[in-house]
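Structure, as structure tokens:
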Amino acid sequence: MSIPPLRAAIVPVTPLQQNCTLLWCTVTMRGAFVDPGGDLPKLRAAAAQHGVTIEKIILTHGHIDHCGEAKPLADDYGVQIEGPHEEDRFLTST
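In the working numbering, the protein residues as written are 1 to 94.
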């Protein structure tokens, strides 16, 4: 059985320890953050530790503890944000 090329790392963020997930392909080493609620230095360090090139920010919903750092991360990496629902878009704008 071969090892699937998809990996995930859970990164606890925010004072309530909400989890952000770093997903990446082990073949291309490209990936995405899912629900980056907080702690930019910790998120950047996780991507660097695993050698992942961030290509996207994915938001499952618009709660601030899930999308609080989406805009700064997207700006830092020069990538787009997918999600959340259209009514929650104001949370990711400047």
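Virtual Cβ for every residue (Gly too), placed ideally from N, Cα, C.
Please read all numbers here as calculations on a predicted model, not as lab measurements.
In this structure, DSSP gives proline 41 a helical state, which the three-state scheme calls helix.
The beta carbons of aspartate 35 and threonine 60 sit about 6 Å from each other, so the pair counts as a contact at 8 Å. By the beta-carbon neighbour count (other beta carbons within 10 angstroms, threshold 16), glutamine 18 is buried. Here the alpha carbon of valine 13 sits roughly 32 Å from the alpha carbon of serine 2.
For leucine 22, the enclosing beta strand (DSSP E) starts and ends at 18-25. Listed as beta-bridge partners of alanine 8 by DSSP are Leu23. Of all alpha-carbon atoms in Gly62, Leu6, Ala9 and Trp24, the one lying nearest the alpha-carbon of isoleucine 54 is that of Trp24. Its Cα nearest to that of alanine 45, the residue Ile10 stands out among His63, Pro4, Pro84 and Ile10.
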